[in-house]
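Chains as they are written, first to last, in my numbering: chain A, 8 to 276; chain B, 8 to 276. Positions of the beta carbon are idealized from the N, C-alpha and C atoms, including for glycine. None of these values were measured; they are calculated from a predicted model.
Now the structure itself:
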């Protein structure tokens, strides 16, 4: 990736983990003219990724050399893979928690930039992959010793909008905007467990949705971000207690906050 | 309403409060051949209800005689109106809290049955009214001294499915299935107030929706059901704290509860 405008180069990319994120990235990078090698501990994912055209070939044996290594496995696996002796000028991941993987990369001396694409679908796995998954979406990047400009170029090649953020700031923020939202949905499911279903309204039905997503990834995320999640959970629990005896002004203030957040979310696309 | 099959009679119905619920009930009851008189403290609601055909005429001056009185004002207003010296064999309300209104009706010696139609729309007011608002929906009925059979006939005339439930049981159940869901959405809005909007996902956006609904009605509901809401809030706060250090099995259990609740909700229609 050294020298000249990045867009005219043909990168050799290694993608580790060929689920929704990894296979979508492979599809897009191949469409952009890059060469993509893939690996996945599940041979069915690898086969599907090959037949869907998400990768050019399996990276077999002892992987190492590449222009870009993209770690798209679950967070704990990414933390293991970032310690691999890569012969690559840039290693980037896609985990939704950043501090543990940044720390592992620094310890291993890897030229790493943390990545977190804000993109997803209800379905997982390579069959749900699509080359435009990242189109127009924010791709958070966390400085960690690797070449940031090349990481931005990778995010842009995926169609995404790179935005830099520090690891600690990232993990504190997503503890509230994402991890807490999942936790709250699970807590509601527990509290409603024995309630008559006919008394549930559409709002409850909506709020229980995210608790039905696969638990394996979430368990990793919550435990890897335990301190920030614990802090966010305490704040939410206190707000619930406080608002349970709310007056009209308290509710009006919360309403304005909700309206503003939803409007800013829609504006942010 | 005495004697003979109810369906061949023509009732004189007085509806107090001509917002979404009252105007929708008026439209449907008129379509069923009943005579509907209406009143609302807001003269614009009365005018709209008249021009939309939701009522036959204003009940002016000193209202009293009717076959059925339907209280469809906000809960605190219904509690006042239930004490009115009605000359009617059945007074029924539509409040989403039952104990305070049942208690007021018993004290006043009114032939009352508590009602709570599980129907609504995002928009309020008579302009949002539609005659099929209650079609196929559950209409909860709470015994309180009035004629239950006639109350069932009213619910059925509205197209709804009457289901009997005790006042205390009702208020405890909806504290979780409805009031807590609103409260949780408000609490999330407060906790996310300063979060970067681009980090919000679709789940957060969904969960903030109910917090954007008008606060006036909710303030009445939460304060009228304060004990049960407080208990539900404490249970939710404890679940959130507990799950913030959840293991995979905890999350899997919550996931199964969420899936089951959503399935039962869909089955319940």
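Have a look at residue i and residue j and give me their C-alpha separation to the nearest angstrom.
| i | j | result |
| --- | --- | --- |
| residue 9 of chain B | residue 156 of chain B | Confidence is the limiting factor: at residue 9 of chain B the pLDDT is only 49, short of 50, which leaves the residue's position unreliable and the question unanswerable from this model. |
| residue 146 of chain A | residue 267 of chain B | 35 Å |
| residue 101 of chain A | residue 139 of chain B | 49 Å |
| residue 227 of chain A | residue 257 of chain B | 13 Å |
| residue 252 of chain A | residue 30 of chain B | 31 Å |
| residue 88 of chain B | residue 141 of chain A | 57 Å |
| residue 97 of chain B | residue 107 of chain B | 18 Å |
| residue 279 of chain B | residue 33 of chain B | This structure cannot settle anything about residue 279 of chain B, because the visible part of chain B is limited to 8 through 276. |
| residue 129 of chain A | residue 262 of chain B | 15 Å |
| residue 243 of chain A | residue 194 of chain B | 6 Å |
| residue 265 of chain A | residue 170 of chain A | 24 Å |
| residue 118 of chain A | residue 72 of chain A | 13 Å |
| residue 213 of chain A | residue 78 of chain B | 30 Å |
| residue 272 of chain B | residue 217 of chain A | 16 Å |
| residue 61 of chain B | residue 176 of chain B | 33 Å |
| residue 215 of chain B | residue 205 of chain B | 15 Å |
| residue 164 of chain B | residue 148 of chain B | 14 Å |
| residue 159 of chain B | residue 115 of chain B | 22 Å |
| residue 121 of chain A | residue 191 of chain B | 33 Å |
| residue 36 of chain B | residue 132 of chain B | 18 Å |
| residue 7 of chain B | residue 49 of chain B | Because chain B is modelled from 8 through 276, residue 7 of chain B falls outside the range shown and cannot be assessed. |
| residue 19 of chain A | residue 81 of chain A | 22 Å |
| residue 172 of chain A | residue 99 of chain A | 14 Å |
| residue 144 of chain B | residue 200 of chain A | 22 Å |
| residue 230 of chain B | residue 221 of chain B | 15 Å |
| residue 13 of chain B | residue 21 of chain B | With a pLDDT of 49 at residue 13 of chain B, under the threshold of 50, the predicted position of this residue should be treated as unreliable, though the coordinate-derived value follows. Computed Cα separation, rounded: 17 Å. |
| residue 150 of chain B | residue 167 of chain A | 59 Å |
| residue 26 of chain A | residue 26 of chain B | 50 Å |
| residue 83 of chain B | residue 110 of chain B | 13 Å |
Identify whether residue i lies in helix, strand or coil by the three-state DSSP scheme.
| i | result |
| --- | --- |
| residue 272 of chain B | helix |
| residue 164 of chain B | helix |
| residue 96 of chain A | coil |
| residue 89 of chain A | coil |
| residue 122 of chain A | strand |
| residue 19 of chain B | strand |
| residue 231 of chain A | helix |
| residue 39 of chain A | coil |
| residue 253 of chain A | coil |
| residue 50 of chain B | helix |
| residue 82 of chain A | helix |
| residue 127 of chain A | coil |
| residue 170 of chain B | strand |
| residue 26 of chain A | coil |
| residue 104 of chain A | coil |
| residue 215 of chain A | coil |
| residue 109 of chain A | helix |
| residue 224 of chain B | helix |
| residue 13 of chain B | Note that residue 13 of chain B scores a pLDDT of 49, beneath 50, so its modelled location is shaky and nothing firm can be said. |
| residue 236 of chain B | helix |
| residue 33 of chain B | helix |
| residue 244 of chain A | helix |
| residue 77 of chain A | strand |
Exposed or buried, residue i, counting other C-beta atoms within 10 Å across all chains shown (16 or more means buried)?
| i | result |
| --- | --- |
| residue 1 of chain A | The question about residue 1 of chain A has no answer, for chain A in this structure spans 8 to 276. |
| residue 246 of chain B | buried |
| residue 67 of chain B | exposed |
| residue 74 of chain B | buried |
| residue 47 of chain A | buried |
| residue 275 of chain A | exposed |
| residue 202 of chain B | buried |
| residue 40 of chain B | exposed |
| residue 269 of chain A | buried |
| residue 113 of chain B | exposed |
| residue 64 of chain A | exposed |
| residue 58 of chain B | exposed |
| residue 11 of chain B | Its pLDDT being 47, under 50, residue 11 of chain B is placed unreliably in this model, and the value from its coordinates should be taken loosely. Exposed, since its Cβ has fewer than 16 Cβ neighbours within 10 Å. |
| residue 124 of chain A | buried |
| residue 38 of chain A | exposed |
| residue 51 of chain A | exposed |
| residue 209 of chain A | exposed |
| residue 69 of chain A | exposed |
For a test of your reading of the model: does the CB of residue i fall under 8 Å from any non-hydrogen atom of the ligand SAH? Yes or no.
| i | result |
| --- | --- |
| residue 71 of chain A | Among the components of this structure there are no ligands whatsoever, and the ligand SAH is therefore not found. |
Report the start-end ranges of each beta strand (DSSP E) in the segment 130-165 of chain A that is 3 residues or longer and not cut off at the edges. Listed in chain order, they are 145-151.
Taking 8 Å as the threshold, find out whether the segment 129-136 of chain A comes into contact with the segment 75-91 of chain A through three or more Cβ pairs. no
Three or more C-beta pairs under 8 Å: does that hold for the segment 170-181 of chain A against the segment 231-251 of chain A? yes
Along the chain, which unbroken stretches of the alpha helix (DSSP H) at least 4 residues long are found entirely within the segment 178-213 of chain B? 187-199
Touching by the beta-carbon criterion (3+ pairs, under 8 Å), the segment 189-203 of chain B and the segment 183-192 of chain A: yes
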